[in-house]
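Residue numbers for the sequence shown follow numbering that gives the first Met the number 0, so the first one is 0 and each next one is one higher. A quick write-up on the structure given underneath.
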Amino acid sequence: MKKAPMVKVLYIVGVERSGSTICQNVFAQIENFFAVGELRFIWDQALLEGRPCGCGVAVDQCPAWSAILEETFGETIEEQITTMAALNRKVRDRFSPIIFLPGHRWFLQKRLGTYIANLGKLYRAIQEQTDCRVIVDASKSLFYAYLLSTIPSIDLYIIHLVRDVRGVEYSLQKRKASGHPRLQQYSTIRGALTWLALNSLIEFLGRAITTRVLRIRYEDFISQPQQYGKDILRFIGESESIVPVADDGSIDLQPTHTIVGSPSRFHTGNIKLELDALWRDLLPWSKKRLVSALALPLLIRYQYLGHSKILVRS
């Protein structure tokens, strides 16, 4: 019997509002790449709460996802979705340091064994139903990435996507002002410290999960998508693929089947990739100064001080 090929997963990890959706949209246009959005939320936000697929219809009505879920669970779909949604609440980044504790694999198998096994089935079903070579997952969670790394059938590559903390702060403040319920308790100090803590955690624990971690700045990718896109393709062993972005930064976006994510996942047609740097003019000086002071160590490490120049690739 022929052994099934490994399931190659290009996984984007990082802080929210770091540009993962648009970066994923670019890779979704590559032949034999299949973008799944923030797949870790498929059980609760997509299936139980009814959020739409990137193609515009409800996930449970989407032909692509219906076929994938049927192959994953067969006739027990409804029961398994409820089980996975309950288990998904235990998947939190604050549990990431557990990977350094003795016996952590035994503990995870006891608490999340069913969850991990079903993830393996789900990613395999995605590969087989879409006939893709690469699954692009923008779930962003480091702990979720670790769980994927424990699945023998998954060939995991991690992109650590970072964005200037001041841009993240401005984006989160805009969402708070728009009435987003989850962000009503958000504060500038909390946001800056979260950015520092999560990126530090990714730096520290990322390579404990896998040696295949590549850090990319959002600003560089959007400004030079062809060059940095090629870097990522080489990183995952897909250097023969073509980054479908024109020299002027325009790209023809076809509908995707992404799960959850920012509204830009619904964008289709010809668009131009443009750097979102409104924070430079619209974020109050006092907040720029505050978040810069709080996040200073990584602002230096990621070369965001001064004029935050783009790292030019040739």
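Just so it is clear, CB atoms sit at the ideal spot from N, CA and C, and this is done for glycine as well.
Going by C-alpha to C-alpha distance, which of the options sits closest to residue i?
| i | options | result |
| --- | --- | --- |
| R16 | D43, I258 and K139 | K139 |
| G166 | V212, F234, I235 and L298 | L298 |
| P254 | V8, F33 and K2 | F33 |
| V90 | L304, L107 and P101 | L107 |
| L197 | F142, I153, M5 and D246 | F142 |
| I150 | E168, V6, Q302 and Y303 | V6 |
| C22 | R110, V8, I215 and V290 | I215 |
| F265 | A3, G53, C131 and G112 | G53 |
| A3 | E74, R123 and E30 | R123 |
| Y185 | E168, I201 and N31 | E168 |
| T81 | A66, W42 and A57 | W42 |
| N87 | P51, N117 and Q225 | N117 |
| I158 | I201, L195, I98 and L146 | I201 |
| L204 | Y114, E237, I98 and Q302 | I98 |
| F26 | L277, A276 and Y227 | Y227 |
| E273 | I11, C61, R300 and G18 | G18 |
| P243 | A137, I29 and Q60 | I29 |
| L171 | G112, V161, R288 and A191 | A191 |
| K286 | K175, D251 and V164 | V164 |
| L195 | W105, Q79 and L295 | L295 |
| I270 | E218, A245, A66 and A45 | A245 |
| L111 | E77, L146, V135 and C131 | L146 |
| T187 | I134, Q223 and L289 | L289 |
| G268 | D251, C61 and D275 | D251 |
| L47 | E78, G55, V133 and A63 | E78 |
| R132 | S240, W64, Y303 and D59 | S240 |
| P96 | P262, Y303 and I208 | I208 |
| N31 | V14, L9 and G248 | L9 |
| I134 | Y156, I115 and T113 | Y156 |
| K173 | A45, G55, L277 and G13 | L277 |
| R300 | V161, G248 and K175 | V161 |
Specify the secondary structure class of residue i as computed by DSSP and reduced to three states.
| i | result |
| --- | --- |
| S17 | coil |
| A66 | helix |
| S285 | helix |
| C54 | coil |
| R211 | coil |
| G236 | coil |
| I188 | helix |
| I241 | coil |
| I150 | coil |
| C61 | coil |
| L304 | coil |
| D246 | coil |
| R206 | helix |
| A3 | coil |
| V90 | coil |
Provide the residue span of the beta strand (DSSP E) that contains residue i, from first to last.
| i | result |
| --- | --- |
| V335 | Residue 335 cannot be examined here, being either before or after the span of the chain that is shown, 0 to 313. |
| S170 | From DSSP, S170 is part of no beta strand (DSSP E) but of the alpha helix (DSSP H) over V164 to A176. |
| S138 | V133 to K139 |
So who's on the other strand from residue i, going by DSSP bridges?
| i | result |
| --- | --- |
| N269 | D251 |
| Y156 | L9 |
| A34 | V135 |
| R216 | V161 |
| I258 | G36 and C52 |
Alpha helix (DSSP H) containing residue i: first to last residue?
| i | result |
| --- | --- |
| R300 | L295 to R300 |
| L277 | From DSSP, L277 is part of no alpha helix (DSSP H); its letter is neither H nor E. |
| H103 | H103 to T129 |
| F99 | Run containing F99: none; DSSP gives neither H nor E here. |
| Q28 | Segment: none, Q28 is in no alpha helix (DSSP H) and carries neither H nor E. |
| L223 | It should be pointed out that residue 223 corresponds to Gln in this sequence rather than to Leu. Q223 -> no alpha helix (DSSP H), and no H or E assigned at all. |
| T81 | I76 to N87 |
Could you confirm whether any beta carbon from chain C is found closer than 7 Å to the beta carbon of residue i?
| i | result |
| --- | --- |
| L293 | Although the question refers to chain C, the structure presented lacks it and comprises just one protein chain. |
Should residue i be counted as a contact of the ligand MG given a C-beta to heavy atom distance under 6 Å?
| i | result |
| --- | --- |
| H103 | In terms of ligand content, the structure shown is empty, and the ligand MG therefore cannot be addressed. |
>> With three or more beta-carbon pairs closer than 8 Å as the criterion, would you say the region 33 to 49 touches the region 251 to 266?
In response: yes
> Is the region 278 to 286 touching the region 70 to 81 in the sense that three or more CB pairs, one from each, lie closer than 8 Å?
Replying inline: Result no; under three Cβ-Cβ pairs closer than 8 Å.
> Between the region 231 to 241 and the region 118 to 127, are three or more C-beta pairs nearer than 8 Å?
Replying inline: no
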